[in-house]
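The sequence shown lines up with residues 351 to 624 when you count with the numbering used here. We put the CB at the ideal spot given by N, CA and C, even for glycine. Take a look at the structure set out below.
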Amino acid sequence: MLRKMQKEELDNILQKNSGLKMDYNKLVDTALLAGELLLESNAETYRVEDVMNRILDISGLKVTEAIAFTTGVFLSLDDPSINAITKLKRINNRDTNLRKIAWVNMICRKLTDGKYTVEEAFDLLNGVYETQYPLWMKDLSVSLIAAFFTLLLGGGIAEFFLAFLNGVIMIVTSNIEKRVRFSFFTHNIVYSCIVAAFVTIIKGNLLLNLNSDITITASIFPLVPGTAITNAFRDTLRGDYMSGVAKASEAIVIAISIALGVAIGLVLAGGARL
């Protein structure tokens, strides 16, 4: 009875705002898009499932299920009054984007509160891709993160500017990665190798007083999988062991690729004693 009352109430809201009956396919597409955006932004698995389930619950139907993994989302909507709707979406690209997570959460809250119709929420979620920071701002931020970490670690002006230059190298290698489409593991090895070799060569030939340890460490900080480690613990503590182990494995692979790249770069530049 409660489910039926909720369904009738939400149908009345949709009729008042748009003059249309609820489109269950559009509702599922909206939940699927929200889950996709959250997973691509490195949100916790339990958060993704919670958001999708809240959207599906708007239907008031008997069966509303949403499951999220690190690499995909699955949704199902079923009731004796409709044909079952089941959809899935594969997630190939993931990158930390807290602003996108905040936007999706805000839109979904207003949808479940009845302030947006399903159609409005779907359009707004599609618009999230267009409301992100400009590319130049993101690139500049990456370089500045690497540069200011040198100061945090006790470096000086030389380390600061060299780390900033390494940030520019990271941007270039990232753009090449997108065009060539090689894995993040390969990208991390290539970038870390270039940075380690470049800093070692600069120290050996131009800046003898340069602290290469601080410069290399600061330059690879933007690659450190802090979010993956945090999400692995949070998912595991909430009982989602599959996602927790998957994200922990991702963090380990990233750390290994960085360490391997730095080691190769030091050896190639003659900076490591064999």
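Whole angstroms are fine: how far does the CA of residue j sit from the CA of residue i?
i: residue 531; j: residue 523; result: 11 angstroms
i: residue 424; j: residue 534; result: 25 angstroms
i: residue 614; j: residue 620; result: 10 angstroms
i: residue 604; j: residue 573; result: 8 angstroms
i: residue 412; j: residue 469; result: 22 angstroms
i: residue 550; j: residue 541; result: 14 angstroms
i: residue 505; j: residue 517; result: 16 angstroms
i: residue 493; j: residue 427; result: 45 angstroms
i: residue 612; j: residue 579; result: 21 angstroms
i: residue 565; j: residue 439; result: 41 angstroms
i: residue 464; j: residue 408; result: 9 angstroms
i: residue 568; j: residue 609; result: 14 angstroms
i: residue 433; j: residue 482; result: 37 angstroms
i: residue 448; j: residue 616; result: 34 angstroms
Would you please state the rounded distance, in angstroms, between the beta carbons of residue i and residue j? I believe it to be under 8 angstroms.
i: residue 444; j: residue 390; result: 6 angstroms
i: residue 437; j: residue 378; result: 6 angstroms
Could you spell out the range, first to last residue, of the alpha helix (DSSP H) harbouring residue i?
i: residue 617; result: 591-618
i: residue 437; result: Per DSSP, residue 437 belongs to no alpha helix (DSSP H); it is in the beta strand (DSSP E), 432-440.
i: residue 387; result: 374-390
i: residue 394; result: Residue 394 -> no alpha helix (DSSP H), and no H or E assigned at all.
i: residue 500; result: 485-502
i: residue 517; result: 507-530
i: residue 448; result: 448-462
Could you give the residue range of the beta strand (DSSP E) that holds residue i?
i: residue 567; result: From DSSP, residue 567 is part of no beta strand (DSSP E) but of the alpha helix (DSSP H) over 562-570.
i: residue 409; result: First-last for residue 409: undefined, no H or E at that position.
i: residue 425; result: 422-429
Quick one: grab the DSSP three-state call for residue i.
i: residue 469; result: helix
i: residue 574; result: coil
i: residue 535; result: helix
Does the Cβ-Cβ distance between residue i and residue j come in under 9 angstroms?
i: residue 485; j: residue 380; result: no
i: residue 496; j: residue 451; result: no
i: residue 404; j: residue 467; result: no
i: residue 374; j: residue 435; result: yes
i: residue 560; j: residue 570; result: no
i: residue 397; j: residue 383; result: no
i: residue 539; j: residue 519; result: no
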